[in-house]
DNA sequence: TGGTGTTGTTGTCAAGTTTACAATAACATT
DNA sequence: AATGTTATTGTAAACTTGACAACAACACCA
């Protein structure tokens, strides 16, 4: 019942998911990209794309995004935020994209509608390496060049959504930090996301009055100056405080 | 090139758009629904669904949503907000929905992924009547009963998105009001959207200091008490003030 | 060991924003 | 002219935001 043989004229639309995986190294925001190699007019070309893939027959959208990420990075439990569907005909106006895709999935493609997801991850968790034929790597978001399909647009939209989401959900950005972090790391993260300087004293004050950001009795190790105190984010306290 | 004859085992996924059209009558928020009539096990049944339809082969998602609305209501220029894609397998767990759909589109259906849109309209603009076989009508949002597919979930999510959108874009809710409106109408709208009382004096003060909400030299007509002043929303001034 | 360099940590005040609260004005109806 | 109903307006306290600079800690080096 879930498969059927059909014979009819039909636009060949496909449904895929693409994941904008954002990481933070204490200094810059980066995005996880897949290196793509293709051939067009006898020329080999290399470029990059967002990790993504077609959904399976029996798979929910969210599950497909989760699977794509797991296959690429090994990351299992992750907060995925579905933020937009892209279905413009223009998506496949670059022949290289269409040919690459048809080669990859062995089917004719007229259009592909993709559902885009955001995942914020601790940068250490994303296990790099090759997945199938494709190498993946972190690229600082302001060093991203031309991507396949409309992935530059998707990335731009995603960053805007992260900004908005961080405003309505103060816990969101903690997904980018390690379990123990300094106020400087947190402050730098805010500055990168909002694109403007945060006053040192006011920022510290603001964090100190959040009871779900807990000061630890530990300090940074191995720095050539006064070591900063470490903090942790307590998700249970956060959820309780939301009520 | 945009059509091709294929013969292969294939899950029959379709892509549709559904529109959550919200209106406000000065008192309550309502949503535009389509009456659906179907037959199952020899029994005729009536229920309601969100307006929606399959996308055409050469049609962008946004254009499809716009077309569906125009066909149903006659509304042409409208701000459509795409807010979520729904693709769970559970969407088609009710056999009545599947059979109704297969009868409507004359194709087998395994799953249907739908892209959901929100439109806020002035309630007077939505031209009611029948569209094809289907009658459409406004239903107050807290009187909505069981809808087809997962449309109750889509509606719930949409209202949440309207709330969030109104917070980040102060011009958003003016789409629901007539060109001339009273402060009471505006205040009632805020109370319905946010679900809590707004203080009369503070609300008036807040509105008075928005230079894009302009007091007119006109008053309400035909009320059996002191007539309230009319205001209008100036979109150009709003856009200028945003900078 | 004392000095230097680098980053961490902390408080106060002014300005602006939000909240709470009630008396009077306008006007149609009787 | 009295009544009923809704419209309109101000002030003070609480709270939040933003600007601003001195001292503390500690590794490193001379």
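Protein chains in written order, with my numbering: chain V, 1 to 243; chain Z, 1001 to 1243.
By construction, the Cβ of each residue, glycine as well, lies at the ideal position given by its N, Cα and C atoms.
Just the Cα atoms here: how many angstroms apart are residue i and residue j?
{"i": "residue 118 (chain V)", "j": "residue 18 (chain V)", "result": "9 angstroms"}
{"i": "residue 256 (chain V)", "j": "residue 140 (chain V)", "result": "Summary: the structure shown does not reach residue 256 (chain V), with chain V confined to residues 1 through 243, and so no result is reported for it."}
{"i": "residue 1113 (chain Z)", "j": "residue 1099 (chain Z)", "result": "16 angstroms"}
{"i": "residue 33 (chain V)", "j": "residue 124 (chain V)", "result": "15 angstroms"}
{"i": "residue 204 (chain V)", "j": "residue 35 (chain V)", "result": "40 angstroms"}
{"i": "residue 1057 (chain Z)", "j": "residue 1014 (chain Z)", "result": "11 angstroms"}
{"i": "residue 1116 (chain Z)", "j": "residue 85 (chain V)", "result": "10 angstroms"}
{"i": "residue 1026 (chain Z)", "j": "residue 1188 (chain Z)", "result": "7 angstroms"}
{"i": "residue 1208 (chain Z)", "j": "residue 1215 (chain Z)", "result": "9 angstroms"}
{"i": "residue 1160 (chain Z)", "j": "residue 241 (chain V)", "result": "21 angstroms"}
{"i": "residue 1077 (chain Z)", "j": "residue 1122 (chain Z)", "result": "12 angstroms"}
{"i": "residue 138 (chain V)", "j": "residue 144 (chain V)", "result": "10 angstroms"}
{"i": "residue 1046 (chain Z)", "j": "residue 1038 (chain Z)", "result": "7 angstroms"}
{"i": "residue 91 (chain V)", "j": "residue 97 (chain V)", "result": "9 angstroms"}
{"i": "residue 1079 (chain Z)", "j": "residue 1142 (chain Z)", "result": "24 angstroms"}
{"i": "residue 244 (chain V)", "j": "residue 42 (chain V)", "result": "Residue numbering for chain V in the displayed model covers 1 to 243; residue 244 (chain V) lies beyond these limits and cannot be assessed."}
{"i": "residue 166 (chain V)", "j": "residue 194 (chain V)", "result": "9 angstroms"}
{"i": "residue 196 (chain V)", "j": "residue 217 (chain V)", "result": "30 angstroms"}
{"i": "residue 1105 (chain Z)", "j": "residue 1055 (chain Z)", "result": "12 angstroms"}
{"i": "residue 81 (chain V)", "j": "residue 168 (chain V)", "result": "14 angstroms"}
{"i": "residue 64 (chain V)", "j": "residue 107 (chain V)", "result": "19 angstroms"}
{"i": "residue 1071 (chain Z)", "j": "residue 1062 (chain Z)", "result": "14 angstroms"}
{"i": "residue 202 (chain V)", "j": "residue 213 (chain V)", "result": "16 angstroms"}
{"i": "residue 1198 (chain Z)", "j": "residue 1206 (chain Z)", "result": "11 angstroms"}
{"i": "residue 170 (chain V)", "j": "residue 235 (chain V)", "result": "11 angstroms"}
{"i": "residue 1237 (chain Z)", "j": "residue 134 (chain V)", "result": "51 angstroms"}
{"i": "residue 1050 (chain Z)", "j": "residue 164 (chain V)", "result": "28 angstroms"}
{"i": "residue 239 (chain V)", "j": "residue 211 (chain V)", "result": "11 angstroms"}
{"i": "residue 1002 (chain Z)", "j": "residue 93 (chain V)", "result": "The predicted position of residue 1002 (chain Z) is uncertain, since its pLDDT is 34 and thus under 50; a value taken from the coordinates is nonetheless stated next. Residue 1002 (chain Z) and residue 93 (chain V): Cα-Cα distance of roughly 13 angstroms."}
Hey, residue i and residue j are a contact pair by Cβ (cut 8 angstroms); roughly how many whole angstroms apart?
{"i": "residue 1174 (chain Z)", "j": "residue 1233 (chain Z)", "result": "4 angstroms"}
{"i": "residue 1016 (chain Z)", "j": "residue 1053 (chain Z)", "result": "6 angstroms"}
{"i": "residue 1120 (chain Z)", "j": "residue 1109 (chain Z)", "result": "Contact flag wrong, Cβ pair sits at about 31 angstroms."}
{"i": "residue 31 (chain V)", "j": "residue 20 (chain V)", "result": "6 angstroms"}
{"i": "residue 1060 (chain Z)", "j": "residue 89 (chain V)", "result": "6 angstroms"}
{"i": "residue 1048 (chain Z)", "j": "residue 1155 (chain Z)", "result": "That belief does not hold up - the Cβ atoms of residue 1048 (chain Z) and residue 1155 (chain Z) are roughly 11 angstroms apart, past 8 angstroms."}
Drop a sphere of 10 angstroms on the beta-carbon of residue i, count the other beta-carbons inside from all chains shown, and report buried for 16 or more, exposed for fewer.
{"i": "residue 1158 (chain Z)", "result": "buried"}
{"i": "residue 1224 (chain Z)", "result": "exposed"}
{"i": "residue 111 (chain V)", "result": "buried"}
{"i": "residue 1024 (chain Z)", "result": "buried"}
{"i": "residue 1200 (chain Z)", "result": "exposed"}
{"i": "residue 1243 (chain Z)", "result": "exposed"}
{"i": "residue 1222 (chain Z)", "result": "exposed"}
{"i": "residue 87 (chain V)", "result": "buried"}
So, is the C-beta of residue i closer than 8 angstroms to a C-beta in chain Z?
{"i": "residue 82 (chain V)", "result": "yes"}
{"i": "residue 85 (chain V)", "result": "yes"}
{"i": "residue 50 (chain V)", "result": "no"}
{"i": "residue 88 (chain V)", "result": "yes"}
{"i": "residue 168 (chain V)", "result": "yes"}
{"i": "residue 15 (chain V)", "result": "yes"}
{"i": "residue 164 (chain V)", "result": "yes"}
{"i": "residue 97 (chain V)", "result": "no"}
{"i": "residue 94 (chain V)", "result": "no"}
{"i": "residue 58 (chain V)", "result": "yes"}
With a threshold of 8 angstroms between beta-carbons, can residue i be considered close to chain V, or not?
{"i": "residue 1020 (chain Z)", "result": "no"}
{"i": "residue 1202 (chain Z)", "result": "no"}
{"i": "residue 1113 (chain Z)", "result": "yes"}
{"i": "residue 1197 (chain Z)", "result": "no"}
{"i": "residue 1173 (chain Z)", "result": "no"}
{"i": "residue 1157 (chain Z)", "result": "no"}
{"i": "residue 1101 (chain Z)", "result": "no"}
{"i": "residue 1061 (chain Z)", "result": "yes"}
{"i": "residue 1149 (chain Z)", "result": "no"}
{"i": "residue 1079 (chain Z)", "result": "no"}
Just to confirm, does residue i get its C-beta within under 7 angstroms of one of the non-hydrogen atoms of the ligand MN?
{"i": "residue 1227 (chain Z)", "result": "Here there are no bound small molecules, and the ligand MN is not part of this structure."}
Are at least three pairs of beta-carbons, each pair with one atom in the segment 1138-1155 of chain Z and one in the segment 1172-1188 of chain Z, less than 8 angstroms apart? Using a Cβ-Cβ distance cut-off of 8 angstroms, the segment 1138-1155 of chain Z and the segment 1172-1188 of chain Z are not in contact, since fewer than three pairs of beta carbons, one from each stretch, lie closer than that value.
Decide yes or no for the touch test of the segment 180-195 of chain V against the segment 213-229 of chain V: beta carbon pairs closer than 8 angstroms, at least 3 of them. Judged by Cβ distances under 8 angstroms, the segment 180-195 of chain V makes contact with the segment 213-229 of chain V, as three or more pairs qualify.
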